[in-house]
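Asker:
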Amino acid sequence: MTVAAAKGDRDTETDADADVDVDVVIVGAGPSGLTLANILGLQGVHTLVVDERDTLIDYPRGVGLDDESLRTFQSIGLVDRVLPHTVPNQILRFFDGNRRLLAEMAPPDARFGWPKRNGFVQPMVDAELHSGLDRFDCVEVRFGHRMHTCVETTNGVTVEFADGQPAVRARYVVGCDGGRSATRRLMGVSFDGTTSSTRWLVVDCANDPLGHPNSEVGADPRRPYVSIAIAHGIRRFEFMIHPDETDEEADDPAFVRRMLGQLVPYPERVDMIRHRVYTHHSRIASSFRKGRLMLAGDAAHLMPVWQGQGYNSGIRDAANLGWKLAAVVTGKAGDDLLDTYDTERRKHARAMIDLSTMVGRVISPTNRRVAALRDRVIHAASVVPSLKRYVLEMRFKPMPRYQQGAVCHTESGSPNSPTGTLFIQPRVDTRDTQNAMLDDLLGSGFAVLCWSNNLRAVLGEPAFGRWKALGARFVEARPMTQLPWTGHDDPEVVIVGDRTGALKSWFDVYPDSVLFLRPDRCIAGACIAQRAPEMSEALTRVLHLTQGGGSGTDGATTDGKSDRAVLHVAQSASESSGTVTRTTR
Ligand SMILES: Cc1cc2nc3c(=O)[nH]c(=O)nc-3n(C[C@H](O)[C@H](O)[C@H](O)COP(=O)(O)OP(=O)(O)OC[C@H]3O[C@@H](n4cnc5c(N)ncnc54)[C@H](O)[C@@H]3O)c2cc1C
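According to my numbering, the sequence shown is numbered sequentially starting from 1426.
Below, the structure is given as structure tokens:
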């Protein structure tokens, strides 16, 4: 079914959407666009994905997938299809020029439900994201469509294509069209930053000539290199190209074999998939939103590969933007909610670019004295257990912690507040299921979760009803000992047993016991039990939740029913979000 046909299935249409063909056009069928399309498809949003190519890009690019991306793939129901193309718990080791171990990254914890470092085959995972769209009648993908221009009007955007293909009218356009984004150009925003003068030769090989599961970075001043195992016997090698070596020389198969000869005994036997020369960029768009046009993925930011975060940052964009866009086009949210996408994502993407750029500088000095000094400093630091753990457990990775945006802080800027961070995802039990992943019980919309308390009584009927109208799930977490107790049973509240103790440990650390979780599992607000109605009210004000409204699109309610609640974030992106003043606890 085409998107236009699916649109005709709507029971109700408002004036605002009467003259559009689709709700959202996504330009670019890369991982960012495909993930966003899956999120929108799950919410019943009529979406058209267009790509100028005839097929998906079929060669390896990104090779590292993080826990946050796997959690997003879980939320769109595709993680089981993605996992067969991954190497979980991939260890990354850094060696100096004498092959002495400088540092090791092997983060042991899986607090978000998934390993933190995973090798993966990008084209295969992208293909799974693409085929996942077959589940939705409301999503269509058109290849061979190059977006040429976008003309914005009061109620929508007209997207025009090259080669005279018919234009499409949409309410919003998201440019997921890669580093050379035409959408970004049309938005007139700058792409600030630098492009490194250092070039790298990337070689992808089948039938892995080394065959071991782990990965290494050779911080060898003679020629830094990378060797990374990904799934299905594929290995990525990268070699720094010296300034006196031209691109043509580096692209010569004889040169490539010479490079490979430094790491494998029989370079002539290596089964190469492809090789190419590329440079690293550290760039970010000066705004991720302008009117009805938005940017996500490489179109919004480019970063060196050293933290493997280019791909993951695009998935993070999709997870942040997807629920907001769905809430707006289904009439549950005001358009201002979309400003919080820029507020929340741009700062975090900037931090990821800075970290990736800094790590690249540490790895790639070719001056031997500089490299020797670096090695001495790192070796000295590595005997300090806390510093060693800091690197091993990748504690340097910038994690989302939103001070502003679609969040409500109890105390402005309190470092001990969990608000604006991602909630953990431990394994839990219900009376019917064992060893379930928490997110699978929280559903795909908002959720209100409390520690061992009567949630309906804690929230009070008005707040309970308001969140219910928004399609929220209600979850009470308890010690396993109390799981069979039926005293608080409520048909609307899911009782979960804390089978690993991770939930109690989490609540032991923070002063809060009631959490309001967004669909992307970020904590929108947190408070003690007595302040729950107050926090709910504050979130209502900050997010402008009201009854009524809604365009009649399916809606994202976890029970499958449509609802009419309106969510509206009134504060501008630059203003602080609402604050609940905490007095006594
Ligand atoms: C060599 C290399 C190594 C990498 N290694 C890593 C890594 O280790 N870890 C990591 O996380 N990331 C890595 N990346 C980055 C990662 O591959 C990208 O961040 C990711 O693919 C970006 O996804 P995207 O969806 O934003 O854009 P893309 O995947 O680039 O997709 C953009 C799509 O938009 C389409 N398009 C462009 N213009 C138009 C138009 N006008 N109209 C219609 N369609 C259009 C293109 O055809 C393309 O399909 C690497 C990239 C490269 C090149």
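Yeah, the Cβ is synthetic: ideal placement off N, Cα and C, and Gly gets one too.
In this text, all values refer to a predicted model and were calculated from it rather than measured experimentally.
Which residue marks the beginning of the beta strand (DSSP E) containing Pro1513, and which one marks its end?
Answerer: Here the beta strand (DSSP E) through Pro1513 covers Thr1511 to Pro1513.
Asker: Could you tell me the boundaries of the beta strand (DSSP E) in which Leu1940 lies?
Answerer: Segment Val1939 to Leu1942, the beta strand (DSSP E) holding Leu1940.
Asker: List the whole-angstrom C-beta distance separating Cys1601 from His1471, where the pair is believed to meet the contact cut-off of C-beta under 8 angstroms.
Answerer: The Cβ separation is near 17 angstroms, so there is no contact.
Asker: Assign Asp1444 to one of two classes, buried (16 or more other C-beta atoms within 10 Å of its C-beta) or exposed (fewer than that).
Answerer: Exposed.
Asker: Looking at the unbroken beta strand (DSSP E) that takes in Met1719, where does it start and where does it end?
Answerer: Start and end: Leu1718 to Leu1720.
Asker: Determine the closest residue to Arg1741 out of Gly1845, Gly1469 and Thr1497, with distance taken between C-alpha atoms.
Answerer: The candidate whose alpha carbon is nearest that of Arg1741 is Thr1497.
Asker: Hey, Gly1604 and Leu1727 are a contact pair by Cβ (cut 8 angstroms); roughly how many whole angstroms apart?
Answerer: So it is a contact: roughly 5 angstroms between Cβ atoms.
Asker: For my contact list, Pro1532 and Lys1541 are in at a C-beta cut-off of 8 angstroms; report their separation, rounded to the angstrom.
Answerer: That belief holds up - the Cβ atoms of Pro1532 and Lys1541 are roughly 4 angstroms apart, short of 8 angstroms.
Asker: Going by beta carbon distance, what residues of the same chain come within less than 6 angstroms of Ala1957, once the five residues before and after it are set aside?
Answerer: Here the set comprises Val1883, Leu1884 and Val1939.
Asker: Determine the closest residue to Pro1843 out of Arg1966, Phe1664, Asp1864 and Cys1947, with distance taken between C-alpha atoms.
Answerer: It is Cys1947 whose Cα lies nearest to the Cα of Pro1843.
Asker: In whole angstroms, what is the alpha-carbon distance linking Val1934 and Ile1920?
Answerer: One C-alpha to the other measures close to 22 angstroms.
Asker: Which whole-angstrom value is the C-beta distance of Asn1792 and Pro1649, which I expect to be below 8 angstroms?
Answerer: Not a contact, Cβ separation roughly 12 angstroms.
Asker: In the DSSP assignment, the beta strand (DSSP E) including Tyr1935 goes from what residue to what residue?
Answerer: Here Tyr1935 belongs to no beta strand (DSSP E), and DSSP marks it neither H nor E.
Asker: Roughly how many angstroms separate the alpha carbons of Cys1575 and Ala1710, rounded to a whole number?
Answerer: Each residue's alpha carbon lies about 18 angstroms from the other.
Asker: Taking Gln1472 as part of the beta strand (DSSP E), name the residues at either end of that continuous run.
Answerer: The question names Gln, but residue 1472 is Thr in the sequence shown. Segment Thr1472 to Val1475, the beta strand (DSSP E) holding Thr1472.
Asker: Since Val1546 contacts Ile1655 with CB under 8 angstroms, what's their CB separation in whole angstroms?
Answerer: Their Cβ separation, rounded to whole angstroms, is 5 angstroms, which keeps Val1546 and Ile1655 in contact under 8 angstroms.
Asker: Can you give me the C-alpha to C-alpha distance between Leu1473 and Pro1692, rounded to a whole angstrom?
Answerer: So the two alpha carbons sit approximately 45 angstroms from each other.
Asker: Put Asp1444 into one of helix, strand or coil per three-state DSSP.
Answerer: Asp1444 falls in the coil class under three-state DSSP.
Asker: Would you say His1773 touches ligand 1, meaning its beta carbon is less than 7 angstroms from a heavy atom?
Answerer: Checking every heavy atom of ligand 1 against the Cβ of His1773, none is found closer than 7 angstroms.
Asker: In the structure shown, what three-state DSSP assignment does Ser1640 receive?
Answerer: Reduced to three states, the DSSP call for Ser1640 is strand.
Asker: State the CB to CB distance for the pair His1573 and Asp1476, rounded to an integer number of angstroms; the pair is presumed to be in contact (CB under 8 angstroms).
Answerer: Their Cβ separation, rounded to whole angstroms, is 14 angstroms, which puts His1573 and Asp1476 out of contact at 8 angstroms.
Asker: Between His1705 and Ser1615, which are expected to be in contact by the criterion C-beta below 8 angstroms, what is the C-beta distance as a whole number of angstroms?
Answerer: Not quite, the Cβ-Cβ distance comes to about 19 angstroms (not below 8 angstroms), so this is no contact.
Asker: Which residue comes first and which comes last in the beta strand (DSSP E) that contains Asn1543?
Answerer: Element bounds for Asn1543: Asn1543 to Phe1545.
Asker: Decide yes or no for the touch test of the segment 1667 to 1675 against the segment 1499 to 1509: beta carbon pairs closer than 8 angstroms, at least 3 of them.
Answerer: Short answer: they don't touch.
Asker: Given a cut-off of 8 angstroms, decide if Glu1585 and Phe1537 are closer than it, judged by their beta-carbon atoms.
Answerer: No, the pair does not count as a contact, with Cβ atoms beyond the cut-off.
Asker: Along the chain, where does the beta strand (DSSP E) containing Phe1662 start, and where does it finish?
Answerer: Here the beta strand (DSSP E) through Phe1662 covers Arg1660 to Ile1666.
Asker: Taking contact to mean 3 or more Cβ pairs, one atom from each stretch, closer than 8 angstroms, check whether the segment 1924 to 1934 and the segment 1850 to 1857 are in contact.
Answerer: They touch, by the three-pair rule.
Asker: What is the residue span of the alpha helix (DSSP H) that Thr1620 lies within?
Answerer: Segment Phe1616 to Ala1631 is the beta strand (DSSP E) holding Thr1620; no alpha helix (DSSP H) there.
Asker: My output table needs one value for Thr2032: the three-state DSSP class, helix, strand or coil.
Answerer: The chain is shown from 1426 up to 2010; residue 2032 falls before or after that span and cannot be answered.
Asker: Which complete alpha helix (DSSP H) runs does the segment 1561 to 1624 hold, if anything under 4 residues is left out?
Answerer: Those alpha helix (DSSP H) runs which fall completely within the segment 1561 to 1624 and span 4+ residues are 1607 to 1612.
Asker: Would you list the residues sitting across from Cys1952 in a DSSP beta bridge?
Answerer: According to DSSP, Cys1952 bridges with Val1939.
Asker: Taking the alpha helix (DSSP H) that Glu1769 falls in, what are its first and last residues?
Answerer: Element bounds for Glu1769: Asp1764 to Ile1788.
Asker: Is the separation between the beta-carbon of Val1598 and that of Asp1446 shorter than 8 angstroms?
Answerer: The answer is no: Cβ separation not under 8 angstroms.
Asker: According to DSSP, which residues form a beta bridge with Trp1892?
Answerer: Per DSSP, none; premise fails for Trp1892.
Asker: Measure the C-alpha to C-alpha separation of Lys1822 and Asp1914 and round it to an integer number of angstroms.
Answerer: Each residue's alpha carbon lies about 41 angstroms from the other.
Asker: For Leu1908, collect the residues of the same chain with a Cβ closer than 6 angstroms to its Cβ; drop the 5 residues on either side in sequence, then sort them by chain order.
Answerer: Cβ neighbours of Leu1908 beyond the five flanking positions: Gly1922.
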